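Number of protein chains: 2
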Amino acid sequence: MSNFEALFDYIQEISGKLLSADDKHLLMEHFKPKKLRKRQYFLQEGDVCKYIGFIVKGSARTFTVDEKGHEHILKLSLEKWWLADFESFYLLTPSRFNIEALEDLEVLQSTNAQIEEYLKHIPAFSAMANVISQNYTIANQKRMQAAMSYTAEERYEDLISNYPHFLQRFPQNMIASYLGLSPETLSRLKKNSFK
Amino acid sequence: MSNFEALFDYIQEISGKLLSADDKHLLMEHFKPKKLRKRQYFLQEGDVCKYIGFIVKGSARTFTVDEKGHEHILKLSLEKWWLADFESFYLLTPSRFNIEALEDLEVLQSTNAQIEEYLKHIPAFSAMANVISQNYTIANQKRMQAAMSYTAEERYEDLISNYPHFLQRFPQNMIASYLGLSPETLSRLKKNSFK
DNA sequence: AAATGCGCTTGATATAAGTCAATTCAAGAT
DNA sequence: ATCTTGAATTGACTTATATCAAGCGCATTT
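These protein sequence lines map, in sequence, to chains A and B. Under my numbering, the residue at position 108 of the first sequence is numbered 155, and the numbers go up by one with no gaps. Under my numbering, the residue at position 118 of the second sequence is numbered 165, and the numbers go up by one with no gaps.
Printed below as a string of structure tokens:
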């Protein structure tokens, strides 16, 4: 119940529209609460990402494992973020990513087919989707630019100013991987930047 | 006139829906043909990206210039691609990017306000927008992964298999910058991969 | 035909970041 | 309380890529 309040608030806030009682009932009917304990997987490489999850509580990481066995974190996610490999979710192809809970995790999850229904029938939901799509496009553009043009140190500074809470919520080695750095390099970087 | 046929075909192909005669008239009313000669700018750093352009003919690059004066290409664009800095276009903020014609360029351009109208009134157009948004999300996810996890050589192989025509249309130093490499490094890379 | 500019290549060197290995430290488990 | 585990740090060394510099074709201009 209070899980759903978080989702309702989020949709209304982002879309700038109100949800009717009917809208809420429809959402509650098909978004299923799911709990994962720390270290459990929301999605495993090779599986199809059947569900998209809205994070009510906890955190997660989306990562790949390369041929040498090294992990690369593509996304770190917190409360009020959506959890999915969108390629797999949209196209129903096997995913190349793993999504793992970094803390005990509570999500509300739904299938692509249900999402299509929401988009059709709930104006606030489709308005939200449009805003999110814009935000994602902008964020991706920025992150890509940072990855291409910035040095390791600049990317770290950037992270600090854009997502300061990340430093509290995620261990350093995860941050390093997210920035495309080895844990050692990030450690040294921090030491030097204090001077 | 034949310019618009390219746009109409594109919208119908991507959306899977047909455009009515009214739809087409509406599009022709507000999409303006614009020609740029090679080396001219579609968008300059610091300006607001007032227009989104649909490329009918030609090619372009989107790039930033860092403090050291080095250019970094974020996007290489060809026929049937959309041209804009979406952050600036959506939010009307000054752009950090430059968009420059690499060949003589013909685009059909429109403002954000007009696009909103199309989304409201032309079903094929809004269906197209949804598909594009999905494709962008997927492409961004892939490119980000490539940038994080792949070596220079793997990124080049990746480019060859995903966009083989890029090699014909863009000079090598542009490809290098797009891959986040110096021209020298790409040159050496090619030599070694032949062995 | 000469001259200019430009993209590509090649060589020598510099630098940023990765790798491997050892140590410390804190947190959880027994 | 002790033991174990894993994160963070630090040092020594390696590697990938950038930088600087020179030279070579090739096209465009004069």
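Even for Gly, the Cβ is constructed at its ideal location relative to N, Cα and C. None of these values were measured; they are calculated from a predicted model.
Counting only beta-carbon atoms, is residue i nearer than 8 Å to chain B?
| i | result |
| --- | --- |
| A/R202 | no |
| A/M195 | yes |
| A/T158 | no |
| A/R190 | yes |
| A/D205 | no |
So, does the CB of residue i fall closer than 8 Å to a CB anywhere in chain A?
| i | result |
| --- | --- |
| B/H119 | yes |
| B/G63 | no |
| B/D94 | no |
| B/E231 | no |
| B/G227 | yes |
| B/E147 | no |
Does the distance from the C-beta atom of residue i to that of residue j stay below 8 Å?
| i | j | result |
| --- | --- | --- |
| A/I61 | A/I169 | no |
| B/N145 | B/Q91 | yes |
| A/I185 | B/E134 | yes |
| B/A148 | B/F89 | yes |
| A/M191 | B/R216 | no |
| A/Y165 | A/F172 | yes |
| B/L233 | B/R202 | no |
| A/I120 | A/M221 | yes |
| B/V103 | B/N50 | yes |
| A/F55 | A/L66 | yes |
Using a Cβ-based criterion (distance less than 7 Å to any ligand heavy atom), does residue i qualify as near the ligand GTP?
| i | result |
| --- | --- |
| B/I61 | This structure lacks the ligand GTP, and indeed carries no ligand of any kind. |
So residue i packs on residue j, CB below 8 Å; how close in whole Å?
| i | j | result |
| --- | --- | --- |
| B/E200 | B/L152 | That pair is no contact at about 32 Å. |
| A/E126 | A/K85 | Wrong, their Cβ atoms sit about 15 Å apart, outside the cutoff. |
| A/N211 | A/Q219 | Residue identity differs from the one stated: residue 211 of chain A is Pro in this sequence, not Asn. With a Cβ gap of about 14 Å, A/P211 and A/Q219 do not count as contacting. |
Only counting the same chain, and skipping five residues up and downstream in sequence, which positions put a Cβ closer than 8 Å to that of residue i?
| i | result |
| --- | --- |
| A/E118 | F110, T111, V112, S224 |
| A/K167 | S173 |
In chain order, what residues of the same chain lie with their CB nearer than 6 Å to the CB of residue i, ignoring the 5 residues before and after it?
| i | result |
| --- | --- |
| B/G93 | P141 |
| A/K82 | E153 |
| B/K122 | T109 |
Can you list, in chain order, the residues of its chain with a C-beta nearer than 7 Å to that of residue i? Leave out the 5 residues immediately preceding and following it.
| i | result |
| --- | --- |
| B/S240 | E200 |
The stretch 149-164 of chain A in contact with the stretch 92-108 of chain A per 3-pair CB rule at 8 Å
yes
The stretch 203-216 of chain B in contact with the stretch 130-140 of chain B per 3-pair CB rule at 8 Å
no
The stretch 108-125 of chain B in contact with the stretch 57-75 of chain B per 3-pair CB rule at 8 Å:
no
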